[in-house]
Every structure is written in structure tokens, then in C-alpha cells.
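Q: Sharing a structure with you now.
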Amino acid sequence: MWGPNQSSWLMALLQVDTASGQSMYFLPMTLEWGDSDEEQIRAIGAATLARVRQQSQVGVLADAFSDEAFCRAMVESIGAGSVMACAHGKLCFIQTSAFARLAGDAIAKLPLVRSKFLSSNTVVMLGDSLFLKGYRNLRSGVNPEFELGRFLTEVARFANCVPVAGAIEYIADDGTSTCLALLQGYVANQGDGWTNTLDYLERYFGSQLAATAEPPADVHGAYLSLVHTLGTRTAELHKALATRTGDPAFDPETLAPGEFDGWKQRVHDDALATLALLEQHLTRFPPAALKNANILLEQRHRLLARIESCDMPAGPYLKTRYHGDYHLGQVLVSNNDFIIIDFEGEPARSM
């Protein structure tokens, strides 16, 4: 159980065993009785897990992220740097040097809004200031989103990422850490780069359907300018991640002999696995997609030969940290600029 003052919530970590392996999930729970505030009961809604009874009292057991008091208490405890002993370990509420600037001094007054977008995590926004992300499917060890975000916020001071204000970690008795939640600054935006690009293409092709003349040579000028900005921000990100600070987790390292060949083998194996999966599902494709799939499969040997031909001149070379799952869906368009987000890495890959 955890909670400041007179409030308390059950911070449950659930171990799930299936045929494919073992997983751990974070499910904090709140208990709301029938005499609770009506607005609070309505807010819980779909987050209800079970109905409960204690003698004549009736209530509901629900996901605590639906409880406004729980979300505020999480943020306030991060700001206080609280540490609480719990079963087989402790809960650590960690603030970064950016917390005070991002949170301000009116956390209790910030309106809470829960994200309606489908996600593997739970997201709660506190006004236009903070963004609380609760992880559900947990992975023990260093959390790359917290580690990289904190480095970019506090050390490299990279302005074009979402700043990190703090995190909540469960530290087991054996020292293993598991990140339960991440607190970031909220950045106003106009959607991600992928959605923005699709919208742009839809508008462009729509305008050309009724056009009677050839478009001007610079018809894509504004969009290309935005792409140029994205290229610049991408270069700046990698420069920031290559900053030497004496921290072995981030300082560039010399590429070891045979390491490049190992990377090339992984790409080769991934390509084989992807082509095999494509071949396995050919019967599910409609005619147009089936034609394209067969064209790709016919190029199998050419693709693998291209991978095999990749080589590097004699070094030395340096390797640095990087995003881990970088694509247009991982950048937010904000005032004709870009904010880079989601440093969790590719979910299907191990840390």
C-alpha cells in the first residue's frame, strides 16, 4: 500500500505466466465507496475492476490511474523525492533538475485529462504542464526512455525532445530496478510527423484532381523546408547523444573487432525472418498486395546479396547511443519544428 496523508492505493505488480513466457504488469488499484464524490465515481467508469462490499458498504475496485488524487499524489511524491519501503523492495520517486521548472507551484490546481489514444501505456496530462506516463507491461533493468530522456534534459540540454521531470521506480531487494511511471513536460503540438505527412499528401493530391495547369516547381517547398528541419534536428540529436561527459553509459566507444560483422549478421537474419513471415501469410493478401509481395519475394537473393556486400573501410570507428525506434511517428510537429519523443526503443527487441 502507498499513499500520502490519509489516502492509500495498492501498488500491485502482477506476474503473468503463459505458454510463451513470463510477463510482469503494473496495476495500481483504488477503492471507492458509495459515499465517494459522484464526479469521481463517474470518472472511474470503464476503469472499474470489480464491485466490492464491506458489510453494508458497497463500492468499486478500480485502476488507480482513473483516480485524480492518485495521479496528483504521484507527481507530488516525485517532487518531494519520496522513498517508501514495500514488499521485497522500495518505491523511489525520482525528480530531475527540470521538475520545478516544468511542474511550477500549482500542481493541485492543474486540470487532469486522460489520453483517449490507444496505447500500451496509460497517459494522463496535467494541464499544459505535465505528462504522466504509467507503464503497464514492465521490463526490469535500466529504462531507456528515462535514462536517455534524463541525459538529454539534464546533461546534453537538447531542446528538441520532451523534457523529463522525474520517474517512479521499484527497486527490488536484489537491486534490480523497474520503472513504473515517467513524468515529462507537456509540449503543445500539431500531431506526429507521419500523420502530418499523410494529411499533406491527401491535401496535395486532392488539389491536383481539379487542377488545370502544372503545379509550380516549388509546390512542395514548405513541406521540404519542414523535412530539412527534421534532418537538422536528427543530426543534433545524434550529436547530443555523442557528448562526452565521463559517463560510461553515454560516452562514445571504439567499435570492437568483429562487431560490425555481428550487426550485419543480425540484419541478414532479420531479413530472412521477415521474408519467411511474408511467405507464410501470402494466402491472406488481396490481389494487389499479393502481387507486390511476390515481387518482393522474387528479389530475395538480390536483397540478401546487398546486405552481404555492406562493408566498412578500415577504422577506427566510434559507436554511440541512439533513439532505438526512430520513424515519423516518433516526432511531433510543433510550431514548424520537431520534438523527438518515445525513447523506449523497439518493443519487440530486448534492452
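Quick note, my numbering runs 306 ahead of the 1-based positions in the sequence shown. For each residue, glycine too, the CB sits at the ideal point set by N, CA and C.
1. Can you tell which of Met330, Thr402, Val389 and Ser383 has the C-alpha that lies nearest to the C-alpha of alanine 414?
2. Mind checking whether alanine 546 and leucine 458 have CB atoms under 8 Å apart?
3. Between Val358, Leu507, Pro563 and Asp643, which has its C-alpha nearest alanine 620's C-alpha?
4. According to the neighbour-count rule (16 or more other Cβ atoms, all chains shown, within 10 Å of its Cβ), is valine 573 buried or exposed?
5. Would you call the CB atoms of alanine 473 and aspartate 434 closer than 8 Å?
6. Using a Cβ distance threshold of 8 Å, determine whether the stretch 481-491 contacts the stretch 444-463, with at least three qualifying pairs required.
7. Would you list the one or two residues that DSSP bridges to tyrosine 476?
8. Assign serine 421 to buried or exposed, taking buried as 16 or more other Cβ atoms, counted over all protein chains shown, within 10 Å of its Cβ.
9. Of all the options Lys439, Thr549, Asn449 and Leu603, which has the alpha carbon lying nearest to the alpha carbon of arginine 378?
10. For alanine 555, count neighbouring C-beta atoms within 10 Å of its own C-beta (all shown protein chains included) and say buried if the count is 16 or more, exposed if not.
11. Could you tell me if methionine 657 is buried or exposed, where buried requires 16 or more neighbouring beta carbons within 10 angstroms of its beta carbon?
12. Which residue from Thr324, Ala611 and Glu475 puts its Cα closest to that of lysine 396?
13. Between the C-alpha atoms of arginine 608 and alanine 577, what's the straight-line distance to the nearest angstrom?
14. Please decide whether arginine 550 counts as near chain B, where near means a Cβ-Cβ distance under 8 Å.
A: Reading off the structure:
1. Out of Met330, Thr402, Val389 and Ser383, Ser383 has the C-alpha closest to the C-alpha of alanine 414.
2. When the beta-carbon positions are compared, alanine 546 and leucine 458 come within less than 8 Å of each other.
3. Looking at the Cα atoms, Pro563 is the closest of the given residues.
4. When all chains shown are included, valine 573 counts as exposed.
5. Not in contact: alanine 473 and aspartate 434 (Cβ atoms no closer than 8 Å).
6. The stretch 444-463 and the stretch 481-491 touch, with three or more beta-carbon pairs separated by less than 8 Å.
7. For tyrosine 476, the beta-bridge partners assigned by DSSP are Leu397 and Thr484.
8. Exposed, because fewer than 16 other Cβ atoms sit within 10 Å of the Cβ of serine 421.
9. Ranking the options by Cα distance to arginine 378, first place goes to Lys439.
10. Around the beta-carbon of alanine 555, fewer than 16 other beta-carbon atoms lie within 10 Å, marking it exposed.
11. Here the model assigns methionine 657 a pLDDT of 47, short of 50, so the residue's position is not dependable, and the following value carries that caveat. By the neighbour-count criterion, in which 16 or more other beta carbons inside 10 Å mark a residue as buried, methionine 657 falls on the exposed side.
12. Scanning Thr324, Ala611 and Glu475 for the CA closest to the CA of lysine 396 turns up Glu475.
13. Taking the straight line from one Cα to the other gives about 12 Å.
14. Here chain B cannot be found, since the structure has a single protein chain.
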